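Chemist: Questions regarding the structure given below will be posed in turn.
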Amino acid sequence: MRVNAAWARLCVFGASLTLGLSLAAGTRAADTYPDHKVRVIVPFAAGGPTDVIARLVAERLSEAWGQQLYVENMPGAGGNLGVENGARAAPDGYTIVTVSTGFIINPSMYSKIGYDPVKDFAPISLVAASPNVVTVHPSVPAKDLKELIALIKANPGKYSFAQPATGSTPHLAGELFKQTYNLDLVTVPFNAAPLAINSTLGNHTPIAFTALPPAIGNIKDGSLRGIAILAKAHVAALPELPTNIEEGVPGLESDSLTGIVAPAGTPKAIIDKWNAEIVKMVADPQTKKKLDALGFVPVANSPSEFAERIKSEMARWDKVVKTAGIHVD
Numbered sequence: 162m163r164v165n166a167a168w169a170r171l172c173v174f175g176a177s178l179t180l181g182l183s184l185a186a187g188t189r190a191a192d193t194y195p196d197h198k199v200r201v202i203v204p205f206a207a208g209g210p211t212d213v214i215a216r217l218v219a220e221r222l223s224e225a226w227g228q229q230l231y232v233e234n235m236p237g238a239g240g241n242l243g244v245e246n247g248a249r250a251a252p253d254g255y256t257i258v259t260v261s262t263g264f265i266i267n268p269s270m271y272s273k274i275g276y277d278p279v280k281d282f283a284p285i286s287l288v289a290a291s292p293n294v295v296t297v298h299p300s301v302p303a304k305d306l307k308e309l310i311a312l313i314k315a316n317p318g319k320y321s322f323a324q325p326a327t328g329s330t331p332h333l334a335g336e337l338f339k340q341t342y343n344l345d346l347v348t349v350p351f352n353a354a355p356l357a358i359n360s361t362l363g364n365h366t367p368i369a370f371t372a373l374p375p376a377i378g379n380i381k382d383g384s385l386r387g388i389a390i391l392a393k394a395h396v397a398a399l400p401e402l403p404t405n406i407e408e409g410v411p412g413l414e415s416d417s418l419t420g421i422v423a424p425a426g427t428p429k430a431i432i433d434k435w436n437a438e439i440v441k442m443v444a445d446p447q448t449k450k451k452l453d454a455l456g457f458v459p460v461a462n463s464p465s466e467f468a469e470r471i472k473s474e475m476a477r478w479d480k481v482v483k484t485a486g487i488h489v490d
């Protein structure tokens, strides 16, 4: 028994020593990090909301650290191509991925996917969220969500809604709207938000579910009527637009999220260093002003909070995807 006890103590000491050495190595790595260029993957084409956020982050951290952070756009397969590339990268802090909500939703839609949002990545922080918005052509008589529900119910199959990308949160918010209120409403997919908005501007699809940023200008100039922001609170870009909760239609709140993740196994000290800089960036009044003007709500949460958000969003949208029978091969 004495031999076994001594061996057990030795094993515990060895494990503690290994952990201590590992933590010390991670801390030393963070002290000198970054000492060369950092690649920031954006799994979409340049110019979209994910790309805009990535470039704000890259510019800010390049200045803070004195090393270049460069954005590499890697579009394809609904964002899967770039995310999969990031999952295979070395976990050394020199490849970082800017992700949108598709990162969370795609595993529910695609029959084959080359990454696991939980197992293959270390969350760093959400940077910003863009609430989704419901807009209609001015000829649509409904002025709020309750009136829109009544209008669709009174005209089954007559109305359709445009959505910017299959599996995006605007699309799934529209599907949730249909499922919750048992609406005979036709879904019309597009490949980009401007195309969806143009369809509603032309009254081809009288209703649109999109993220807020691409719709702001049309709502402000009256070419589209803003029905509701799908959020718990007003947004700075359109403070007069009511939320779905204020209109008595709760449960539709949804965002297009943009966050930063690293390959699983990236040292915690590097993750924490990134998180601290993003928190500083989002707290900066100039950055907040830029995000507000674009229709984004600044977030900057902790790695553990971001991890929980990923899990809760996966569970929520997986149910909607399965009920709607959405599949992408």
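Residues 162 to 490 in this note's numbering are what the sequence shown lists, from first letter to last. In this text, a Cβ means the ideal position worked out from N, Cα and C, and glycines have one as well. Fair warning: this is a prediction, and the values are worked out from it, not measured in the lab.
Check V297 in the structure and name its three-state DSSP category.
Modeler: strand
Chemist: Which ranges would you report for the alpha helix (DSSP H) in the segment 380-458 if only whole runs of at least 4 residues count?
Modeler: List check, alpha helix (DSSP H) in window: 429-444 and 446-455.
Chemist: Going by DSSP in three states, P375 sits in which element: helix, strand or coil?
Modeler: helix
Chemist: Determine the direct distance from the alpha carbon of H197 to that of G335, and round the result to whole angstroms.
Modeler: Approximately 44 Å between the Cα atoms of the pair.
Chemist: Would the beta-carbon of D416 fall within 7 Å of that of A290?
Modeler: yes
Chemist: Answer with buried or exposed for Y231, where buried requires no fewer than 16 other C-beta atoms within 10 angstroms of its C-beta.
Modeler: Burial call: exposed.
Chemist: Closest by CA to V422, which one among A389, N379 and A283?
Modeler: A283
Chemist: Alpha helix (DSSP H) containing F351: first to last residue?
Modeler: From DSSP, F351 is part of no alpha helix (DSSP H); its letter is neither H nor E.
Chemist: Excluding the 5 residues flanking V349 on each side, which residues of the same chain have their C-beta closer than 6 Å to its C-beta?
Modeler: Cβ neighbours of V349 beyond the five flanking positions: S321, A323 and T366.
Chemist: Is the separation between the beta-carbon of V443 and that of A461 shorter than 7 Å?
Modeler: yes
Chemist: Our contact map puts N270 next to V489 with C-beta atoms below 8 Å; I'd like the distance itself, whole angstroms only.
Modeler: This sequence places Met at residue 270; Asn is not what is there. Taking the Cβ atoms as the reference, M270 lies roughly 5 Å from V489, within the contact range of under 8 Å.
Chemist: For a minimum of 4 consecutive residues, which ranges assigned as the alpha helix (DSSP H) are wholly contained in the segment 230-305?
Modeler: 241-248 and 263-270
Chemist: Classify L182: buried if its beta carbon has 16 or more other beta carbons within 10 angstroms, exposed otherwise.
Modeler: Legend: pLDDT at L182 = 49, less than 50; position of this residue unreliable, value from coordinates given subsequently. Counting Cβ neighbours within 10 Å, L182 comes out exposed, since fewer than 16 surround it.
Chemist: Which of the three DSSP states is assigned to F322 in this structure?
Modeler: strand
Chemist: Tell me, please, which residues DSSP counts as bridged to I471.
Modeler: I471 is not bridged to any residue.
Chemist: Taking only heavy atoms of the ligand NAP into account, decide whether any of them is closer than 6 Å to the Cβ of N246.
Modeler: This structure does not include the ligand NAP; it has no bound ligands of any sort.
Chemist: I'd like to check one pair, A372 with N293: are the Cβ atoms closer than 7 Å?
Modeler: yes
Chemist: How long is the line joining the alpha carbons of Y194 and A251, rounded to whole angstroms?
Modeler: Taking C-alpha positions only, Y194 is separated from A251 by approximately 15 Å.
Chemist: Since V201 sits in a beta bridge, which residues does DSSP pair it with?
Modeler: V232 and I257
Chemist: Should L344 and V481 be called a contact, given that it needs their Cβ atoms to be closer than 7 Å?
Modeler: no
Chemist: Among H395, A207 and A225, which residue has its Cα nearest to the Cα of V440?
Modeler: A225
Chemist: Considering only the alpha carbon of each residue, which of K429, P424, L306 and T327 lies closest to I266?
Modeler: T327
Chemist: From F264 to N241, what distance separates their C-alpha atoms?
Modeler: In this model, F264 and N241 are separated by some 7 Å (Cα to Cα).
Chemist: Helix, strand or coil: how does DSSP classify A369 here?
Modeler: strand
Chemist: What three-state label does DSSP hand V489 in the structure shown?
Modeler: strand
Chemist: Any idea if G456 is buried or exposed, counting beta-carbon neighbours within 10 angstroms, 16 or more meaning buried?
Modeler: buried
Chemist: For E438, I'd like the list of residues in its chain whose CB is within less than 6 Å of its CB, leaving aside the five on either flank, ordered along the chain.
Modeler: L222 and A225
Chemist: Mind checking whether H298 and T341 have CB atoms under 7 Å apart?
Modeler: no
Chemist: Classify S223 as helix, strand or coil using the three-state DSSP reduction.
Modeler: helix
Chemist: What residues in its chain sit with their C-beta under 6 Å from that of I377, if we drop five residues either side in the sequence?
Modeler: A398 and G456
Chemist: Mind checking which residues open and close the alpha helix (DSSP H) that includes T341?
Modeler: Annotation: the continuous alpha helix (DSSP H) that includes T341 extends over T330 to Y342.
Chemist: Among the residues of its own chain, which have a CB less than 6 Å from the CB of R386, if the five just before and after it don't count?
Modeler: V297 and P299
Chemist: Out of N436, K280, V258 and I388, point me to the one whose CA is closest to E407's CA.
Modeler: I388
Chemist: For a quick check, are the C-beta atoms of N405 and L418 less than 7 Å apart?
Modeler: Their beta carbons are not under 7 Å apart, which means N405 does not touch L418 by this criterion.
Chemist: With distances taken between CB atoms, is the gap from F467 to L217 smaller than 7 Å?
Modeler: no
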